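What follows is one structure encoded as structure tokens, with my remarks underneath.
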Amino acid sequence: MRHQQLRIMLLTAGVILGFGSGFHALRMRHWERRMAWERHVAGLCVDAARGAPARQPPAFVSPDEAGR
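Those letters in the sequence shown? Residues 0 to 67, by numbering that gives the first Met the number 0.
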């Protein structure tokens, strides 16, 4: 009986930590994309102020290509 309770506790902890890690990774990926977009917009503003031609927005790189 004691082994079964220990196994249930370990599996529960693994599930909770696994989901927490996944949600954290999603949040960080969202934050990185948002920061890239803000850098792009800031660059556009600087270029517009200097009178330079417009640049293209950053391309979306899938997580597989980015090595994540």
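Where a beta carbon is used, it is the ideal one built from N, C-alpha and C, also for glycine.
Model, not experiment: these values are computed from the prediction.
Per-residue DSSP class, three states only, for residue i
i, result
"serine 58", "For the sequence presented, residue 58 should be read as alanine rather than serine. Residue state, collapsed to three classes: coil."
"alanine 51", "coil"
"methionine 0", "coil"
C-alpha gap between residue i and residue j, whole angstroms
i, j, result
"methionine 27", "cysteine 44", "26 Å"
"glutamate 31", "alanine 58", "13 Å"
"alanine 48", "valine 40", "12 Å"
"alanine 24", "leucine 5", "28 Å"
"isoleucine 7", "glutamine 55", "52 Å"
"valine 14", "glycine 21", "11 Å"
"alanine 35", "glycine 42", "11 Å"
"arginine 33", "leucine 9", "36 Å"
"aspartate 46", "glycine 19", "41 Å"
### Task
Report the residue ranges of all alpha helix (DSSP H) runs contained in full by the stretch 8–32; include only those spanning at least 4 residues, in chain order.
none
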